[in-house]
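Residues in the sequence shown are numbered from 31 upward in steps of one, following the working numbering. Quick reminder that beta carbons are idealized off the backbone N, C-alpha and C, glycines included. On a predicted model such as this, the values are computed, not experimentally measured, just so you know. These notes are about the structure you will find just below.
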Amino acid sequence: MKAYRAALLRFSDDGRAQYDADGLLVTAPNAAGRETVVAAGAHSQLQADYGQVATEHLTGRLLAPGFVDLHIHYPQVDVIGAPAAGLLPWLENYTFPHEKRFVRHDYAEEVASFFVAELLRNGVTTALSFATSHPESVNALFTQAHKHNLRLITGKVLQDRHSPDGVRDETEQSLIDTDALIQRWHGQGRLGYAITPRFAPTSTEVQLRGAGELAARYPDVWIQSHVEENKDEIAWVHDLFPKSRSYLSVYDDFGLLRRRAVYAHCIHFDDADRALMHSSGAAAAVSPTSNLFLGSGFFDYAGADAAGFAYGLASDVGGGTSFSPFHTMLAAYYVGREGQTKQGLSIRPQQLWWHHTAGAAKALGLGGVIGNLQPGCEADFVVLNPTATPLLARKTAQANSLDELLFAMIVLGDDRLIDRTVIARG
Ligand code: GUN
Ligand code: ZN
């Protein structure tokens, strides 16, 4: 058993933040050998039971759940900041040409290694990431994640049309490769596989149908794709799939909406789409820095909450501009202001934080397993230094409530706030 004494942030089942200014976090390997939270709470209440446990004293630090990035592209590390008029020219002029490089395993390995280090430096302990259409790009990322025992879900991108030579795959082989990669990687340690059609316009109906068949055959495997991001993209989907009611319905028509299906963006939904997200159990990956950078639009939080579908925050690097969960939460706040009622506030700081930790875990179907520091959760956490910069020190010292403290870190924070990222062993 191990214990850490510091300020402690965690979430109750209803999503409210619980905070202990002088807290204790106790961890130990569970029956399967994985480091797990045994107890968490006020030091004064836990010291009688756990006073004998070897304790690391982290005075002035704050322990919080590791962040969950619900949608990111590891091959787009070097695409960050590529200027374009919008999504489609950005894909054509920067992203597809860049992703061709991942045909080389040594190149993919180098980027995957950098990517995993960058996640950890930013306090991200679980990520759902795209790879490229090259199966070796998947092997490279899983290998690196496994080395660090990082919880990582990825998959080979399926894109058998409207894609240039070098990233376009071959329909039948793409499905054979996906099946083989699922069997090789899904459930190995902390790794999970995601069936990954890039988005409806770049897959034939045969490929989408095959992806849906695999999803039915492997119900615990994840699905990830993009939907309703950009107006030109949406018009294109309506031309390509005239029989489907909406862009989102295309995925439903091919069996690709279910629990453990995570769709990035979900901006331009109508009420029927929102109801379909809820009834299917699919979740949205809200990617505000990407949506602002590419001028895609604004996610409707109130609409999502009213429909009751799950969503969580995501960087969407390289359409997104930062690995830092603090930057993503701040952008989510700005986007929330767009939809606010006249007298209402944007999203509360503790809600933003929940959507990037326990709420994102719930959206992945991993609620109670990761993204929180309640007993039974895997012991992935960050050690935050609220005095990491002079301005942070000044601002956090003046916080009069938990929301003020969290908001100071969301607004002023970046990788400097992360003193250490602790990944559960085993
Ligand atoms: N739609 C299809 N591919 C992509 C991608 O790589 N990034 C984003 N943001 N949207 C997409
Ligand atoms: Zn994306």
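If you reduce the DSSP assignment to three classes, tell me which class isoleucine 110 lands in. Here DSSP, grouped into helix, strand and coil, assigns isoleucine 110 to coil.
Closest Cα partner of glycine 395 within the set Glu140, Ala340, Thr66 and Lys273: For the residues Glu140, Ala340, Thr66 and Lys273, the minimum Cα distance to glycine 395 belongs to Ala340.
Euclidean distance between Cα positions of arginine 450 and threonine 156: The alpha-carbon of arginine 450 is positioned some 15 Å away from that of threonine 156.
Taking the C-alpha atoms as reference points, what is the distance between asparagine 123 and alanine 147? Their backbone Cα atoms lie some 28 Å apart in a straight line.
At what residues does the alpha helix (DSSP H) containing glutamate 65 begin and finish? For glutamate 65, no alpha helix (DSSP H) encloses it; the enclosing beta strand (DSSP E) starts and ends at 65-72.
Whole angstroms is fine: what's the gap from glutamine 106's alpha carbon to alanine 294's? Between glutamine 106 and alanine 294, the C-alpha separation is close to 15 Å.
Which residues mark the beginning and the end of the alpha helix (DSSP H) in which tyrosine 281 is found? Here the alpha helix (DSSP H) through tyrosine 281 covers 277-283.
I'd like the list of long-range same chain contacts for lysine 130, defined as Cβ closer than 7 Å, with 5 residues on each side in sequence excluded. The residues are Gly196 and Val197.
Using alpha carbons as the reference points, say which of Ala112, Val452, Gly456 and Leu421 lies closest to glycine 443. Just measuring C-alpha positions, the residue of Ala112, Val452, Gly456 and Leu421 sitting nearest glycine 443 is Leu421.
For isoleucine 448, count neighbouring Cβ atoms within 10 angstroms of its own Cβ and tell me buried if that reaches 16, exposed if not. Buried is the call here.
Check each candidate in His164, Ala390, Gly90 and Arg424 and name the one with the smallest Cα separation from phenylalanine 132. Closest by alpha carbon: His164.
Kindly examine the ligand GUN and report whether one of its heavy atoms sits closer than 6 Å to the Cβ of histidine 135. False, no ligand heavy atom lies under 6 Å from that Cβ.
Restricting to runs no shorter than 4 residues, where is the alpha helix (DSSP H) found entirely within the segment 337-414? Within the segment 337-414, the complete alpha helix (DSSP H) runs of at least 4 residues are 355-368, 379-385 and 388-393.
4-residue-minimum alpha helix (DSSP H) runs that sit fully inside the segment 250-313, ordered along the chain: As far as the segment 250-313 is concerned, its whole alpha helix (DSSP H) runs of at least 4 residues are 261-270, 277-283 and 301-310.
Give the secondary structure of glycine 53 by DSSP, where H, G and I count as helix, E and B as strand, and everything else as coil. The DSSP-derived three-state label of glycine 53 is strand.
Within its chain, find whatever has a CB closer than 8 Å to the CB of glycine 219; leave out the 5 residues flanking it on each side and keep chain order. Sequence-distant Cβ neighbours of glycine 219 in its own chain, meaning closer than 8 Å and more than five residues away, are His176 and Asn179.
Heavy atom of the ligand GUN less than 6 Å from the Cβ of glycine 349, yes or no? For glycine 349, the CB falls within less than 6 Å of some heavy atom of the ligand GUN.
Beta-carbon contacts of glycine 369 that lie in its chain and below 7 Å, excluding the five residues immediately before and after: Only Phe328, Asp330, Tyr331 and Ala332 meet the Cβ criterion.
Bridge partners for tyrosine 248 per DSSP, in chain order? In the DSSP assignment, tyrosine 248 forms no beta bridge with any residue.
Assess contact between the segment 245-257 and the segment 352-362, defined as three or more Cβ pairs (one per stretch) separated by less than 8 Å. Is contact present? With the cut-off at 8 Å, the segment 245-257 and the segment 352-362 do not touch.
Given alanine 388 as reference, the closest of Asp108, His101, Ile110 and Gly45 once Cα atoms are compared: It is Gly45.
Looking at C-alpha atoms only, which residue of Val109, Asp301, Ala312 and Ser279 is the closest neighbour of arginine 289? Measuring C-alpha to C-alpha distances from arginine 289 to each of Val109, Asp301, Ala312 and Ser279 identifies Ala312 as the nearest.
Output yes or no for whether 7 Å exceeds the beta carbon distance between alanine 142 and glutamine 174. A contact, by the Cβ cut-off of 7 Å.
For the segment 64-77 and the segment 403-420, state whether three or more C-beta atom pairs, one from each stretch, are separated by less than 8 Å. Judged by Cβ distances under 8 Å, the segment 64-77 makes contact with the segment 403-420, as three or more pairs qualify.
Given the structure, does alanine 294 come close to the ligand ZN, in the sense that its CB is under 6 Å from one of the ligand's heavy atoms? Within the cutoff, so yes.
Once you ignore the five residues that flank alanine 344 on each side, which residues in its own chain have a CB closer than 6 Å to its CB? Contacts found: Asp99, Leu100, His101, Ala315 and Ser317.
Could you confirm whether any beta carbon from chain C is found closer than 7 Å to the beta carbon of valine 365? Absent from the structure: chain C. Only one protein chain is present.
Using DSSP's beta-bridge definition, name the partner residues of proline 165. The partner list for proline 165 (beta bridge, DSSP) is empty, contrary to what the question assumes.
Near the ligand GUN, which residues have their beta-carbon closer than 6 Å to a heavy atom? This criterion selects His103, Leu117, Leu121, Thr125, Arg228, Phe229, His256, Glu259, Ser320, Asp346 and Gly349.
Would you please state the rounded distance, in angstroms, between the beta carbons of alanine 161 and valine 168? I believe it to be under 8 Å. Right, the Cβ-Cβ distance comes to about 5 Å (below 8 Å), so this counts as a contact.
Exposed or buried, what is tyrosine 277 when buried is set at 16 or more other beta-carbons lying within 10 Å of its beta-carbon? Buried: at least 16 other Cβ atoms inside 10 Å.
Mind the definition here: the segment 73-84 touches the segment 45-61 only if three or more C-beta pairs lie below 8 Å; say whether that holds. Counting Cβ pairs under 8 Å, three or more are found: they touch.
Between the Cα of glutamate 263 and those of Lys273, Gly338, Trp120 and Ile206, spot the shortest distance and give me the residue it belongs to. Ranking Lys273, Gly338, Trp120 and Ile206 by CA distance to the CA of glutamate 263 puts Trp120 first.
Taking DSSP as the reference, what is the three-state secondary structure of aspartate 99? Three-state DSSP puts aspartate 99 in a strand.
How would you label aspartate 410, buried or exposed, when you count the other beta carbons within 10 angstroms and need 16 or more for buried? Note on aspartate 410: 16 or more other CB atoms within 10 angstroms of its CB, so buried under the neighbour-count rule.
If you run the structure through DSSP and keep just helix, strand and coil, what is alanine 427? Looking at alanine 427 - three-state DSSP - the assignment turns out to be helix.
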